[in-house]
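Below is one structure; the comments refer to it alone.
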Amino acid sequence: MEIILTHEHMDFDALASMVAASSLHEGASMVLSKQQSEQVQQYLAIYRDSFPFVSEEHIIWENVDHIILTDTPSLDRTIASFLTKSTIPVTVYDHHPLPAEQKRANTTYYLENTGAAITILLEEWMKREWKPTDFEATLYALGLYTDTGSFTYPGTSLRDLKAGVFLMENGMKLELVQQFSEDTLSVRQQEAFQQFLSSSENIGEEGLDVVVASLDTDHYIGSLNVITSRLMETTGADAVITVTSMHNKVFIIGRSASDRINLIPLMQHFHGGGHERAASASVKGSKLSEILQEVKHHLKHSITPPLTAASIMSVPVKTITPDISVEETKKRLIQYGHNGFPVVDENNVLIGIISRRDIDKAVQHNLGHAPVKGYMSTNPVTVSKDTSFEDIQGIFIQHNIGRAPVLDDQKMIGIVSRTDIIEQLHYPSPTRKKKPENMKKLMETHLPEDVLQLLKQAGQLAAAKQMNAFIIGGMVRDLLLETSSEDIDIVVEGDGIALAEDFASSIGGSTAIHETFGTATVTTKSGRRLDFTTSRTEYYEKPAALPTVSRSNIKEDLFRRDFTMNAMAVSLRPSHFGELLDYFNGLEDVKNKTLRVLHNLSFVEDPTRIIRGIRFEQRFSFQMNQETTAFVHHSVSAVSSLSRTRIASEFKYLFHETDPLQSLERLRQLGVLNKFFPGALWEQHSRAVLTKFLQEQGVVGTLEHWFCIILCLYLKNEQTVKYAEAAALTKPQKITVKDIAFIFARDKREPFESLGSIHSFAAHTCSEALYFTALAWEAGDNTDTTKAAQWREYRKRRKELPAFVNGHDLKEAGLHPGPAFKEYLFELEQQVLDQNITSRKEALTYIYARIKPNNS
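If you want it as structure tokens, here you go:
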């Protein structure tokens, strides 16, 4: 016998999941929980007869051989809690997290990170192309909407939204969803709400307001979760926890409005569960007062320390002095992409702040020559290094400011801007986590021992010199992907060149310095190379221009990278060795194999990043997200500003590291192929030509491989090949294009009579042109294998053409030096190509026969 169970106090998600599971497990009986939420009771009062429920009393437990659980991962919260240690197979469909140590043997888990359990079951329906009835779709929508707060709860996923679309397409009734999901409190529940309010205690923890309220009652109070949510709305607290003693059982319900409060650790102490912001537990046979004290004691384990100004501020701070002109200040604002600057005096003491708005107004009034001191705000709003992130948001809103200097003992140590706040809201810093991600084990596993020791030494030396050193970019990415990395790139907050020189001296290595780029390469005695760079920022004076670089901090250094997967760093400081710095959510993108740019002008500033993006997609099986793809489309006009040399350089890497066929198809999908190579065609003809070229593994003559690939895209006809001239950079490339155009323009449709006749037509053309011409005829739209074979044979024989006679032989035959020499030798070449002459003897006979009549 198969039965379907859900948790006690069944809500709509539990009910909907049971009904959906009954279709997947045909023949299984749905067991109705005795306790249901107020809303479910109202629903079942009308629809009860629509479901083939069986009551608990009718279950013969000895005959149960399979249990299906929905909306709960454990038997503990069901009427079958007494079977927790049994060997009965169990199948679980749930969206609540479950620690590995709590997983039961002989159980199949379908645990997914969705906002509602019904989503998991609906996905299975969609795979099977099942269609719910209007009635079913509405019930499933009730489960989906109530558990995701109509798609507003933080746990809501894209999968939930897709499930909602599926239900909308199949007839769900929104008016019924609204009617039955409405949280209305009964008279008894309203009384309980008031009692909770009067007993509420505000516990200040780590700068947060947490309300704990209790109630001891002999009556049954339903919808405690709804009451708890109402308490949070009414009190404005960051979290509310209600503790209710009812019928020899204590119920603990938690709701959180802050991502700093994770309710799961608290509820797990009482063997409960749920989500980070909505969780519950129940305890049998305990006193309310005891549980209340335990809740208060263990609450601290659910609260993470506050994010402070010191964690998100930008350092070092770019400042200006009061005597700098308005025009110069505007130039610097554009240069660094800032919206304002702190103004400091000669002692570096903060005396004011100037915003872009102030500068724009001054320029509008033709005051660009005036010093900024006349237009700066002289009483700037500041914060301390310990000001919490929540308080910073409040200060920005209250004072309507765009930046706030961070002071410590009256000294400015950093600055927080609107951009910093937005980054934290959308891409939380690792410092907001309880424990920053640490990659020390990955480093120990995947790095050679000598490399690991070199990194530790570099970190120790940097710390001793009051600097911070980090490995960055590709090395960090490759560690996360658990692949090998040849490059060892170290970024230093400080003087990277000086650190490199000291490091080389300490290990007995050598240093190569590149002052222009602020970099140095250290080579160890064993031949290892470590590249040291000073952390820096960059700005682009115009689209596609090479960047101007200046010294900065690690965060700004990472922000100038191309994609989030390459914008992570790992600290080498001994006290934080292995800690991941992930300001832009790169770790999550690596896990999801998502390619995402750091800002919306990334491709405008450097359009070659489009090519790099395709290279990374192919190389790592990543995919540009929707926003990044949109940025590609919006940035294509900037490609025209790139030099052909830069384009060629990127395509060399692209075709070296990826399958050219797939990369060109991706370029076509993104609509940018013609922006990099105007006139290039990626269609059946060019695909066939390129496929043939790649199969033959040919790097032809003096042409580079990347150019050969691109050339294949222009070989359709006489008109298209002329566009290839713009792609040609070197003299051999240009000659090849010119010769192909010549052959296409003068070629006859029918094959030549002989190889010798081809020679009279194409003797001056380069071998590379002959090859690509034959390739075009062989694999093109109007395939002509006979002619292609003839031209391939001509090219082969011409390359191997023997020199049977020379000028000396001609003079011996009685010919005087002059233009005739060339004519006779060319005739001889034609005869050899036609295989009429196969030896020196035959060649001499031919020459004498041709010359003597003319001399007679």
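My numbering numbers the first residue of the sequence shown as 334 and each following residue consecutively.
We put the CB at the ideal spot given by N, CA and C, even for glycine.
Identify the continuous beta strand (DSSP E) that holds N535 and give its terminal residues. 534 to 538
Measure the Cβ-Cβ separation of F896 and F949 and say whether it is below 8 angstroms. yes
Determine contact between the stretch 488 to 508 and the stretch 442 to 450, defined as no fewer than three beta-carbon pairs at a distance below 8 angstroms. yes
E679 versus K664: straight-line alpha-carbon distance, rounded: 22 angstroms
Residues near P876 in its chain [Cβ-Cβ closer than 7 angstroms; skip 5 each side]: Summary for P876: the model assigns pLDDT 43, below 50, so the residue's position carries little reliability, and this model does not support an answer.
So, I653 versus V682, is the Cβ gap smaller than 8 angstroms? no
Roughly how many angstroms separate the alpha carbons of Q790 and V809, rounded to a whole number? 18 angstroms
Contact criterion: CB-CB distance below 8 angstroms. Does E515 meet it with respect to chain B? Among the protein chains of the structure shown there is no chain B, as only one such chain exists.
Among all the DSSP beta bridges, which residues are the ones paired with P738? I748
Which of helix, strand or coil does DSSP assign to K766? Its pLDDT being 44, under 50, K766 is placed unreliably by the model, and nothing is read from it.
With a cut-off of 8 angstroms on the beta carbons, I'd call L931 and F892 a contact; round off their distance for me. 6 angstroms
How would you call Q511, buried or exposed, if buried means at least 16 neighbouring beta carbons within 10 angstroms? exposed
Since I337 is in the beta strand (DSSP E), which residue starts that stretch and which ends it? 335 to 339
Contact between the stretch 1015 to 1024 and the stretch 1038 to 1058 (3+ Cβ pairs under 8 angstroms): yes
Which term fits F584, buried or exposed, when burial requires 16 or more other beta carbons within 10 angstroms of its beta carbon? buried
Assuming F865 and V825 make a contact with CB atoms under 8 angstroms, what is their CB distance in whole Å? 6 angstroms
At 3 residues or longer, and completely inside the stretch 363 to 449: list those beta strand (DSSP E) runs for me, N to C. 399 to 403, 423 to 427, 440 to 444
Leaving out the 5 sequence neighbours to the left and right, which residues in its chain are closer than 7 angstroms to R563 when beta-carbon positions are compared? F526
Which residue or residues does DSSP assign as beta-bridge partners of K617? K582
Spatial neighbours of G618 within its chain, please: CB distance less than 7 angstroms, with the 5 preceding and 5 following residues excluded, ordered by chain position. N581
Among all the DSSP beta bridges, which residues are the ones paired with I692? Answer is none; I692 lacks a bridge partner.
Identify which residue in D719, G701, Y669 has its Cα closest to the Cα of G742. Sequence inspection shows Asp at residue 742; the Gly mentioned does not correspond to that position. The shortest Cα separation from D742 among D719, G701, Y669 belongs to D719.
As assigned by DSSP and simplified to three states, the class of I821: coil
Taking 8 angstroms as the threshold (C-beta atoms), are R521 and I554 in contact? yes
Where are the beta strand (DSSP E) runs, 3 residues long or more, that stay fully inside the stretch 764 to 812, in chain order? 801 to 805
Proximity below 8 angstroms, CB of L928 to CB of G946: yes
When you compare only the Cα positions, how much space is there between E371 and Y380? 14 angstroms
CB-CB under 6 angstroms to E1058, same chain, minus the five flanking residues each way: which ones, in chain order? V1070
DSSP state of Q743, grouped into three classes? coil
Could you pull out every unbroken alpha helix (DSSP H) segment of at least 4 residues lying fully inside the stretch 1073 to 1132, listed in chain order? 1088 to 1095, 1100 to 1112, 1118 to 1132
Going by Cα to Cα distance, which pick from G670, I746, V423, N558 is closest to E889? G670
Does the pairing of the stretch 526 to 541 with the stretch 491 to 509 give three or more beta-carbon distances under 8 angstroms? no
Span of the beta strand (DSSP E) holding P1152? Taken as a continuous stretch (DSSP letters only), P1152 belongs to no beta strand (DSSP E), being part of the alpha helix (DSSP H) at 1152 to 1166.
Output the distance between the C-alpha atoms of W1124 and D1072, rounded to the nearest integer angstrom. 14 angstroms
Excluding sequence positions up to five away, which residues of its chain have a Cβ less than 8 angstroms from the Cβ of K766? Its pLDDT being 44, under 50, K766 is placed unreliably in this model, and the coordinates cannot settle the point.
Measuring CB atoms only, is the stretch 834 to 842 touching the stretch 852 to 865, in the sense that at least three cross pairs come out at less than 8 angstroms? yes
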